[in-house]
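Each residue of the sequence shown is one higher than the one before, counting from 0 in the numbering used here. Idealized CB from N, CA, C, for every residue including glycine. Just so we're clear, the structure is a prediction, and the values are computed from it rather than from any experiment. Each remark here refers to the structure printed beneath this line.
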Amino acid sequence: MAGRASSRKSFCCFCALKYVLFFIFCLLFSPFSTALDTIIRNQTITDGETLVSGKEVFVLGFFSPDEGSPNKRYLGIWYSGIQPRTVVWVANREKPVPDNHGVFAMGINGELQVMDGKGKILWSSNSTAKSFRDVPAKAKLMDNGNLVLQRGEVIQWESFSDESNTFLPGVIVEYKFLRSWKSDSDPAPGDFTFGVNKGWNQFSPLGHITILQIYTGRVVGHKIQ
Numbered sequence: 000m001a002g003r004a005s006s007r008k009s010f011c012c013f014c015a016l017k018y019v020l021f022f023i024f025c026l027l028f029s030p031f032s033t034a035l036d037t038i039i040r041n042q043t044i045t046d047g048e049t050l051v052s053g054k055e056v057f058v059l060g061f062f063s064p065d066e067g068s069p070n071k072r073y074l075g076i077w078y079s080g081i082q083p084r085t086v087v088w089v090a091n092r093e094k095p096v097p098d099n100h101g102v103f104a105m106g107i108n109g110e111l112q113v114m115d116g117k118g119k120i121l122w123s124s125n126s127t128a129k130s131f132r133d134v135p136a137k138a139k140l141m142d143n144g145n146l147v148l149q150r151g152e153v154i155q156w157e158s159f160s161d162e163s164n165t166f167l168p169g170v171i172v173e174y175k176f177l178r179s180w181k182s183d184s185d186p187a188p189g190d191f192t193f194g195v196n197k198g199w200n201q202f203s204p205l206g207h208i209t210i211l212q213i214y215t216g217r218v219v220g221h222k223i224q
């Protein structure tokens, strides 16, 4: 009888262990464990962490455009799963974080900020999205590559309206222009700009530029198609 009771006890322990392992597996691989695409007040993204858009099309995080200079870190958005990394937007273009202690967060007034490890602000969206009662401000990375700062349904700021060297489908081009990088390893604003000539409703040079590629799309309304 004692041996039979001991066997039952061992069998129960084994079953319990299987359920525990199954529960852990579900936590790790279920939709509830997917990456975040949104941050709110008191949340941060540090170097090594990322936001990933809902369908895993784009990633936001810190990166070094020049692997030989890892001491220059930038907050950017790039395509997920594509090598080499294809960056479509950079926040702190002119002020890189000097080490891997960078922080991306929402400031006290709702503005988005990139800071170094000492809390010095290197870049800000310069647009506030204060939270009111049950309508908190949030920043969300969309599947079209747009980083949107909003309160409720009201958009306070978006990366699509910020300076970049890339046009993505759906970007509003009425007040948008492209500004080149200084070089492949330096995303600081370069010598070349490109924008929309409203009179002709087509793309044309704005200032010092040499056209190296021809864009075959067209402008419909204020969006690229």
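- Taking all protein chains in view, the Cβ of P168 is surrounded by fewer than 16 other Cβ atoms within 10 Å, so the residue is classified as exposed.
- The segment 56-64 and the segment 75-91 touch, with three or more beta-carbon pairs separated by less than 8 angstroms.
- Just so you know, the alpha carbons of E152 and T49 end up roughly 24 angstroms apart.
- By the Cβ test, the segment 81-99 is in contact with the segment 108-123, since at least three Cβ pairs between them sit closer than 8 angstroms.
- The bridge partners DSSP lists for D185 are S182.
- I107 counts as exposed, since fewer than 16 other beta carbons sit within 10 angstroms of its beta carbon.
- Between R150 and V134, the CB-CB gap stays under 7 angstroms.
- In the three-state reduction of the DSSP assignment, S163 falls in the strand class, which pools E and B.
- The DSSP-derived three-state label of S158 is helix.
- Within a 10 Å sphere around the beta-carbon of E66 sit fewer than 16 other beta-carbons, which makes this residue exposed.
- Between the alpha carbons of G144 and F193 lies a distance of about 20 angstroms.
- Ranked by Cα distance from V51, the first of L121, A138 and F159 is A138.
- Listed as beta-bridge partners of I38 by DSSP are A138.
- For the pair F166 and T85, the Cα-to-Cα distance works out to about 13 angstroms.
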